[in-house]
Amino acid sequence: MYEEIRRNRRASWLLAGIVVALLAALGYAIGAATLGGHSGGIGLLGVFGVAAIAWSVIGYYAGDRMVLAVSGATLVTHDDEPRLFNVVEEMTIAAGLPRVPEVYVLDEAAPNALATGRDPQHAAIAVTRGLMDRLNREELQGVIAHEMSHIRNYDIRFETLVGILVGMIALIADFFLRWSFWGGMGRRRGGGTGGDQAGAVFAVVAIVLAIVAPLAAYAVQFAVSRRREYLADASAVELTRNPLGLARALHKIAADPSKLRHANRATAHLYIENPLKKTKAVTGVFDTHPPVQERIAVLLAMAHAGPEALAAEGPASAPPV
Amino acid sequence: MIAVIVIIVILVVLVAILAGMYNSLVGRRNQVDNSWSQIEVQLKRRHDLIPNLVEAVKDYMSYEQDTLTSVTQARAAAIDAGNRGPEAQAQAENALTDTLKSLFAVVESYPDLKANQNVMSLQEELTSTENKIAFARQFYNDSVLTYNNKIQMFPSNLIAGMFNFTTRQFFEAPESDRAVPTVDLR
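Here the protein sequences line up with chains A and B, keeping their order.
Numbering of the first sequence is given in my numbering, commencing with residue 1 and proceeding in unit increments.
Numbering of the second sequence is given in my numbering, commencing with residue 322 and proceeding in unit increments.
Encoded structure:
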């Protein structure tokens, strides 16, 4: 298990490096194309670098608030939602984390859940009203254990930071493409410095990068996200010692046809199961989650159970005293 | 001159490694202590909740005085065992868990009780406390396992011996969780 977490962490750093490199290449190419030559490239690279750091710092300290605000989450206490709050406390103890995460409820009918924050001391778990209504205690425990694992494995921090950088790449590329489409570069070259071939080459490189970089960045981000979903499923079982609870929960979540009203592409990867409901059997490069059927199959294998176990109510749905 | 430098470097590295092992042992021991106190917090909470539950259900359950008495007695025994080491404490607490199980089974057969808001919320709290005890025990046992391994395995066992780190006891699971058949060979 710990070996798996370490490997996961290494892969994450590698992928974070790729995203930063993409951002740098994009900055340099656009700078060289628009401001002229090497110095322009370095100049804009520097500007983007400073912006990326500033943005990351803001995201590091406020990203969780933003995510929760965008998702329409309400903070709840033990008295509001005793069962949910108790299950979160139980999983905090099982994970040996120093502090109980803040608990939020999303007023949505679709069952889903997410975790966010920057470390176990500053973390939050949010679940939808639909999840609480539809899952029994055992299944809820599985879902919360999954989210708790994202917190324990520092996935929440990684998702926040990489999410910010990927968003920035997409924004810059989009902005540049629109600008050059409306003739930004032509005007500048017409202004007198035109005619240099290097500038034209940089312009082509910049446009190609502006098209490719966001796609590559998304592919990288989602690759990490998919890996981490499997890992969080496995760690959740390590906490609850009950693979069937999570398997049944995923089964119920996947079977529900409703979509989340407040989820979008920027927050989709945070949820336990893709809230935008693209049902496909094969994993694409742009999927945030592995196919849910595959995750359920892995969990069933852990329990040495067949698909029929999904329908059965477990004995632990009675008071697990 | 070079030989002196080499020796000094080796010594520094050696001290750093030993210090690292020592610190890691201390860290593990603190984790064991901390996770033990987690168990105690939850056991204490269960002891505090039980009188409330007994109070809430006793009027409904005039025919089940035996069950209630055994819960109350098991609670007293568990509190009593609190300072007689993990093994005795685990035994008494597991006995309490069993009596609570039968109490909840009885509650199930009283529709009035099951619908009572107060009883329901007490039941949720006790159920959760039972779970917390189980998960705290799980985490404690994992911590003890890692700590004991470090104490017994080479090379950290040398440091452990030097600074008097001693292995800890596991908090045993309830009898019902590990039903090992007894075989009489006579």
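The beta-carbon is built from N, C-alpha and C at its ideal position, and this holds for glycine as well.
Keep in mind that this is a model prediction, so the values were computed, not measured.
Beta-carbon of residue i versus every beta-carbon of chain B: anything under 8 Å?
{"i": "Ile93(A)", "result": "yes"}
{"i": "Pro82(A)", "result": "yes"}
{"i": "Asn86(A)", "result": "yes"}
{"i": "Gly245(A)", "result": "no"}
{"i": "Gly314(A)", "result": "At Gly314(A) the pLDDT is 47, less than 50, meaning the model places this residue with poor confidence and gives no usable figure here."}
{"i": "Glu108(A)", "result": "no"}
{"i": "Glu89(A)", "result": "yes"}
{"i": "Gly46(A)", "result": "no"}
{"i": "Gly142(A)", "result": "no"}
Enumerate in chain order the residues of its own chain whose CB-to-CB distance from residue i is below 8 Å, with the five nearest sequence positions on each side excluded.
{"i": "Ala268(A)", "result": "Asn274, Pro275, Leu276 and Thr288"}
{"i": "Arg349(B)", "result": "Ser464, Thr467, Tyr468 and Lys471"}
To which residues of the same chain is residue i closer than 6 Å at the C-beta, ignoring the five residues directly before and after it?
{"i": "Ala170(A)", "result": "Pro214"}
{"i": "Ala210(A)", "result": "Ala173, Phe176 and Leu177"}
{"i": "Gln221(A)", "result": "Val162 and Val166"}
{"i": "Ile253(A)", "result": "Pro111 and Glu273"}
{"i": "Gly41(A)", "result": "Tyr28, Gly31 and Ala32"}
{"i": "Ala206(A)", "result": "Ala29, Ile30 and Ala33"}
DSSP three-state call for residue i: helix, strand or coil?
{"i": "Val103(A)", "result": "strand"}
{"i": "Gly117(A)", "result": "strand"}
{"i": "Ala73(A)", "result": "strand"}
{"i": "Thr128(A)", "result": "strand"}
{"i": "His150(A)", "result": "helix"}
{"i": "Ala123(A)", "result": "strand"}
{"i": "Gln386(B)", "result": "helix"}
{"i": "Met66(A)", "result": "helix"}
{"i": "Glu493(B)", "result": "coil"}
{"i": "Ala254(A)", "result": "helix"}
{"i": "Glu308(A)", "result": "helix"}
{"i": "Ala399(B)", "result": "helix"}
Which residues mark the beginning and the end of the beta strand (DSSP E) in which residue i is found?
{"i": "Ile272(A)", "result": "Looking at the DSSP string, Ile272(A) is not in any beta strand (DSSP E), and its letter there is neither H nor E."}
Rounded C-beta distance between residue i and residue j? I'm assuming under 8 Å.
{"i": "Ser180(A)", "j": "Ala236(A)", "result": "With a Cβ gap of about 47 Å, Ser180(A) and Ala236(A) do not count as contacting."}
{"i": "Ala309(A)", "j": "Leu244(A)", "result": "6 Å"}
{"i": "Ala113(A)", "j": "Ile296(A)", "result": "Wrong, their Cβ atoms sit about 16 Å apart, outside the cutoff."}
{"i": "Leu424(B)", "j": "Thr467(B)", "result": "About 36 Å separates the two Cβ atoms, so there is no contact after all."}
{"i": "Gly117(A)", "j": "Ile156(A)", "result": "5 Å"}
{"i": "Asn469(B)", "j": "Arg489(B)", "result": "7 Å"}
{"i": "Tyr104(A)", "j": "Leu75(A)", "result": "6 Å"}
By the DSSP assignment, the alpha helix (DSSP H) with residue i in it spans what residues?
{"i": "Met382(B)", "result": "Neither: Met382(B) is in no alpha helix (DSSP H) and is coded neither H nor E."}
{"i": "Lys422(B)", "result": "Gly406 to Glu429"}
{"i": "Met322(B)", "result": "Neither: Met322(B) is in no alpha helix (DSSP H) and is coded neither H nor E."}
{"i": "Ser180(A)", "result": "Asp155 to Phe181"}
{"i": "Ser442(B)", "result": "Gln438 to Gln473"}
{"i": "Thr92(A)", "result": "Pro82 to Ala95"}
{"i": "Leu299(A)", "result": "Val292 to Met302"}
{"i": "Asn136(A)", "result": "No alpha helix (DSSP H) contains Asn136(A), which DSSP labels as neither H nor E."}
{"i": "Ala481(B)", "result": "Ser477 to Met483"}
Counting only beta-carbon atoms, is residue i nearer than 8 Å to chain A?
{"i": "Phe456(B)", "result": "yes"}
{"i": "Pro459(B)", "result": "Looking at the sequence provided, one finds Gln at residue 459(B) rather than Pro. By this cut-off, Gln459(B) is an interface position."}
{"i": "Glu385(B)", "result": "no"}
{"i": "Asn452(B)", "result": "yes"}
{"i": "Gln412(B)", "result": "no"}
{"i": "Glu445(B)", "result": "yes"}
{"i": "Leu359(B)", "result": "Here residue 359(B) turns out to be Gln, not Leu, going by the sequence shown. Interface residue, yes."}
{"i": "Ser391(B)", "result": "no"}
{"i": "Ser430(B)", "result": "no"}
{"i": "Ser345(B)", "result": "no"}
{"i": "Ser449(B)", "result": "yes"}
Spatial neighbours of residue i within its chain, please: CB distance less than 7 Å, with the 5 preceding and 5 following residues excluded, ordered by chain position.
{"i": "Phe492(B)", "result": "Ile360, Pro407, Ala411, Arg458, Tyr461 and Asn462"}
{"i": "Trp357(B)", "result": "Tyr461"}
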